[in-house]
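Here's the structure we're looking at; comments come further down.
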Amino acid sequence: MRYLDLKNREKIGLEYLTNNLTTISPYGNLKKRDIAPIEEPETLEEIFDHLEFFIKICQQNKKEIQKLDLLLMKLKNISNIVLNLQKGKILDEVELFELKINSMIFMEIRSISNDIFLKDFHLIDLTPIINILDPGFKKIPTFHIYNEYSDQLKEIRHKKAEAEKLIFSTTDNQLQIELKEERRKIVVLENCEESRVKTEISKQLISYTSDLLTDIDKIKNIDFTLAKAKLALKYGASRPKIGEHIEFIGMFNPEILETLKVKNQEFQKLDILLKNGNTILTGANMGGKSVILKTLTLNLILAQMGFYVFSDYATIPILKFIQFLSDDIQDVSKGLSSFGAEIMKLKEITGCLRTYDKGFIALDEFARGTNPSEGKKFVKGLSNYIKNFDSFSIMATHYDGVVDDSTPHYQVVGLKNIDFDSLKRKIDLNNQNSISLIQKHMDYSIEKIHSNFEVPKDALNVAALIGIDENLKDIIKNLY
Amino acid sequence: MNTKKTITSLFPYSSVSIIGMEKNSGKTTTLNYILKNLKGSKIIGLTSIGRDGEDCDRVTNTHKPRIYVEKGTLVATAKNLLCKCDITKEILSATGISTPMGEVIIMRALSNGFVDVAGPSYNSALIKIRDLMLNFGCDLVLIDGALSRKGSAGNLVSEATILATGASFSPDLTKVVEESSHNVKMLQLPSCSEKIASLTRQILKMGKIGFIDTESNIEVLDLPTSLNSHREIVDAVKSNYKYLVLGGAVSKGLIESIVQNRELFKSFTIIIEDGTKIFIDSNLYHKLSMIPVKLEVLDSINLLYLTCNPSSPYGYSFDSEKFCNLLKTSIDVDVVDVVGGVL
Chain W
1 MRYLDLKNRE KIGLEYLTNN LTTISPYGNL KKRDIAPIEE PETLEEIFDH LEFFIKICQQ
61 NKKEIQKLDL LLMKLKNISN IVLNLQKGKI LDEVELFELK INSMIFMEIR SISNDIFLKD
121 FHLIDLTPII NILDPGFKKI PTFHIYNEYS DQLKEIRHKK AEAEKLIFST TDNQLQIELK
181 EERRKIVVLE NCEESRVKTE ISKQLISYTS DLLTDIDKIK NIDFTLAKAK LALKYGASRP
241 KIGEHIEFIG MFNPEILETL KVKNQEFQKL DILLKNGNTI LTGANMGGKS VILKTLTLNL
301 ILAQMGFYVF SDYATIPILK FIQFLSDDIQ DVSKGLSSFG AEIMKLKEIT GCLRTYDKGF
361 IALDEFARGT NPSEGKKFVK GLSNYIKNFD SFSIMATHYD GVVDDSTPHY QVVGLKNIDF
421 DSLKRKIDLN NQNSISLIQK HMDYSIEKIH SNFEVPKDAL NVAALIGIDE NLKDIIKNLY
Chain A
481 MNTKKTITSL FPYSSVSIIG MEKNSGKTTT LNYILKNLKG SKIIGLTSIG RDGEDCDRVT
541 NTHKPRIYVE KGTLVATAKN LLCKCDITKE ILSATGISTP MGEVIIMRAL SNGFVDVAGP
601 SYNSALIKIR DLMLNFGCDL VLIDGALSRK GSAGNLVSEA TILATGASFS PDLTKVVEES
661 SHNVKMLQLP SCSEKIASLT RQILKMGKIG FIDTESNIEV LDLPTSLNSH REIVDAVKSN
721 YKYLVLGGAV SKGLIESIVQ NRELFKSFTI IIEDGTKIFI DSNLYHKLSM IPVKLEVLDS
781 INLLYLTCNP SSPYGYSFDS EKFCNLLKTS IDVDVVDVVG GVL
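And the structure:
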């Protein structure tokens, strides 16, 4: 898939977000299931315009939105009924009932939405449909084959009632059997006339099917856009600008934000700017490099899917593909080692590069599965290869010396400004919690490094903090 | 009990279930009897747990009576059976609850006629249907319980219950009377005390099976059901335990194991949720009470009366008077003959 495969969509937290998207109607739920990235800037801008408008409405017209939510909740999916009708199928009582009830709800939605929403979301008047299904203008949300449809039906039903009265008042068994037989014949007549009426109504309704389908589509969009607006409001997401480079100021990851909230911790917001070509990301172990890559990829794909992004400010380019090579892609089921799987993925990525040119690639610890001296060459080679295209790429790596000074380089601040000895003492006092203490002192923000490209050598420090055998630590230290 | 009393005794309730001892015990006959005699006094809502009201019994291939409803009655049945209902129908709701025969539809009868009823087959959906029908303005929901689905008599689903018994159960009159009276006894098992009830609820919140000891401490076993866990339950008994709490269905096998380990369970009281949850015959119940082990329930069932059908669709029948009199002497609830009329 050009815009991340399913596994990666889940990995970066896109699944989490779509699951948290509160569409209400069955139509909105369907739309939620296949959200596709958009490649035309005009369409995307229009979607953002709509979303901006819906957010405003959500804040200003809370009462109307509440009413709308309740109505959306009552809807059932009648698409199949409408499509069958369009194909010329004769609807039965229950289908006609559903059509009537849902059309009535559509009209109620219309009375609210046409007042508060933009013209693109205005529903078509379905009164003609309701009139066909409510010949007595009773406006009751039930349906039957009304006597008003046919005088003959009225007459047959009258006869049926007479017969029933007779049956009830007769005590003679033989006579009762005869009367029941008589009634049965009338029932057959009633059934015949009812199906004639159903055929006739269905024919009358055919011409309105396109109106119904249009309204269904509009409701789908209303429900979906409302859900997106509510999500944006919940997290304070912002509208991305469509531009030539990637820039996020105050970027965050809603899924991790929620996890941290439970632990009473905060997400350290990130600022990042990517220009065409490759960017390197380094940092201490446990510094959150993977989280940065995931958050960046998530926000990019969300923007392109017409969502607001989780950032205070953002610029995004229109991307033709988005690829993510994660650090745990090993695919045992296919008999591939981690390196094998990486190379398979790489083949896909270079394929995308050659075909679509402009895209985004995030690589988490590429070539970590092979020996470091060769791995370094792979990373360096890939970095140089990507320069030939109009794409954006970011590589998190432990290898140093893989790129020259001209390649932009971000580094997680990590434990750089920490006094290791005092932190170690704290941890020794409180051995159980070494991981959470390290997390607490870790500075997850990133800073741009301008020269002296060198990867932080914090592995031994971090390992010592978590706790490794003292002798082993000394032996390793002597090797430095 | 005369017809009038039979009918007026239903008036205080908004939901009544009719359950049968066996297939063909006369549930439908009972239902028709009630529907006919209630005519005009109440708006009835009718549904069933699972399928009922067929022309011909699907299991035993014998002729069955059909359900005849009056104009104004609400009926909840599966969509595919609408064509078998010859009433003029007004569709009130498509409930979204599905059955093997399609979605459950609630309709109002705009004429008299025969209906074929198949409601949902689990209790939570049945409760939803019942409440929907009450909301549509009916006064009394009648629930037709199907073959060994006594669950619909549970308090959650219906406020009162009618038990139907009949000759079809067995050609041996004494056996029919004995098992009928046993079934009544099970449905009328005494409730446990308030204190034990609250401890039982605590146990059922945490699991399905548990014990209460002489000092009101509780112990909950980590078992998903009492079915096939006889050994574990017997092994867990300690000398100071006094009550055994069994959530969900209680099988014959478990009670047999208890009878076999009678020494362990001497003077025990077994608490079950309600009388529809235990599946043992009169013989086993007798053995159990000889240990002695008492059976008590968390929620008692409001059994209104027993209806009897002296003729069997298999081609034999009992002497109606004798049958009813035998039943009356062995059971302390009212007995109604729904075929022969007033008793």
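The listed protein sequences derive, respectively, from chains W and A.
Per the numbering used here: the first sequence ends with 480, consecutive numbering throughout.
Per the numbering used here: the second sequence ends with 823, consecutive numbering throughout.
Beta carbons: idealized from backbone N, C-alpha and C, even for Gly.
Model, not experiment: these values are computed from the prediction.
How many whole angstroms separate the CB atoms of residue i and residue j, which I take to be in contact at a CB cut-off of 8 Å?
i	j	result
A/L783	A/L669	Incorrect: roughly 11 Å between the Cβ atoms, too far for contact.
A/I829	A/V496	This structure does not reach residue 829 of chain A, given that chain A is present from 481 up to 823, and the question cannot be answered.
W/V446	W/I292	With the sequence shown as reference, residue 446 of chain W is identified as Ile, and Val is not the correct amino acid for it. Going by Cβ atoms, the distance from W/I446 to W/I292 rounds to 7 Å, so yes, they are a contact pair.
W/N278	W/K387	7 Å
W/L21	W/K294	Not a contact, Cβ separation roughly 19 Å.
A/G593	A/E583	At roughly 21 Å, the Cβ-Cβ gap does not stay under 8 Å, so A/G593 and A/E583 are not in contact.
A/A647	A/K507	Actually they do not touch by this definition, with Cβ atoms about 14 Å apart.
Determine whether the Cβ of residue i lies closer than 8 Å to any Cβ atom of chain C.
i	result
A/S521	Considering every chain present, this structure includes no chain C. Its protein chains are W and A.
Taking the straight line between their C-alpha atoms, what separation do you get for residue i and residue j?
i	j	result
W/E182	A/N517	24 Å
W/V262	W/Q439	15 Å
A/K808	A/L786	9 Å
A/G533	A/G625	Note that A/G533 scores 44 on pLDDT, short of 50, meaning its location in the model is unreliable and no value can be drawn from it.
W/N8	W/Y235	23 Å
A/K767	A/N741	12 Å
A/T510	W/T209	48 Å
W/S79	W/L213	7 Å
A/L823	A/F803	Annotation note: pLDDT 41 at A/L823 (below 50); position unreliable, coordinate value reported separately. Their backbone Cα atoms lie some 12 Å apart in a straight line.
A/M501	W/P128	54 Å
W/T282	W/K289	7 Å
A/L627	W/L99	For A/L627, the pLDDT reaches just 45, beneath the cut-off of 50, and the residue's location in the model is therefore unreliable, leaving the point undetermined.
W/E93	W/K198	8 Å
W/L153	A/V657	51 Å
W/N483	W/Y16	The first residue shown for chain W is 1 and the last is 480, placing residue 483 of chain W beyond what the model contains.
A/I811	A/L667	12 Å
W/E312	W/A232	In the sequence on display, residue 312 of chain W carries Asp and not Glu. One C-alpha to the other measures close to 12 Å.
A/D754	A/D761	16 Å
A/G520	A/F491	13 Å
A/I607	A/V595	21 Å
A/E570	W/F143	6 Å
W/G414	W/G287	5 Å
W/F360	W/I468	39 Å
W/H450	W/G401	14 Å
W/I112	W/H122	10 Å
W/I81	W/L91	8 Å
A/V730	A/T486	32 Å
A/M815	A/C788	It should be noted that the sequence gives Val, not Met, for residue 815 of chain A. The straight-line gap from Cα to Cα measures roughly 7 Å.
W/E148	W/E193	13 Å
W/M104	W/I130	7 Å
A/F759	A/F649	16 Å
Taking the alpha carbon of residue i as the reference point, which residue from the options has its own alpha carbon closest?
i	options	result
W/S202	W/L68, W/Q86 and W/L479	W/Q86
W/L270	W/D151, W/L226 and W/Y410	W/Y410
W/K358	W/G250, W/C192 and W/K275	W/K275
A/A589	A/I523, A/V656 and A/I735	A/I523
W/S338	W/T315, W/G375 and W/G351	W/G375
W/V188	W/T170, W/I206, W/S169 and W/K160	W/K160
W/L363	W/N371, W/P372, W/D400 and W/I349	W/I349
A/T557	A/K484, A/L572 and A/P793	A/L572
W/V462	W/Y385, W/N29, W/I427 and W/N147	W/I427
W/G243	W/K89, W/A314 and W/D49	W/A314
W/L346	W/Y356, W/T355 and W/F324	W/F324
A/A605	A/T579, A/V739, A/G506 and A/N615	A/T579
W/E39	W/K320, W/L472 and W/G351	W/K320
W/Q204	W/L437, W/F168 and W/G88	W/G88
Worksheet item: If you scan the region 4-56 of chain W from start to end, which runs of the alpha helix (DSSP H) of 4 or more residues do you find wholly inside it?
Response: 6-11, 14-19 and 26-33
Fill in: Inter-stretch contact (C-beta, 8 Å, three-pair minimum) for the region 380-391 of chain W and the region 414-434 of chain W
no
Practice prompt. Tell me the start and end of each unbroken beta strand (DSSP E) in the region 102-189 of chain W that is at least 3 residues and wholly inside, in chain order.
Written response: none
Worksheet item: If you pair each beta-carbon of the region 216-223 of chain W with each one of the region 15-28 of chain W, do three or more pairs fall below 8 Å?
Response: yes
Item to complete: Entirely within the region 290-343 of chain W and at least 4 residues each: give me those alpha helix (DSSP H) ranges in chain order.
Response: none
Fill in: At least three beta-carbon pairs within less than 8 Å, the region 172-192 of chain W to the region 65-84 of chain W
no
Discussion item. Between the region 129-144 of chain W and the region 225-242 of chain W, can you find at least three pairs of beta-carbon atoms closer than 8 Å?
Written reply: no
Discussion item. Measuring CB atoms only, is the region 698-708 of chain A touching the region 657-669 of chain A, in the sense that at least three cross pairs come out at less than 8 Å?
Written reply: no
Worksheet item: Is the region 105-121 of chain W touching the region 548-568 of chain A, taking contact as three or more C-beta pairs under 8 Å?
Response: no
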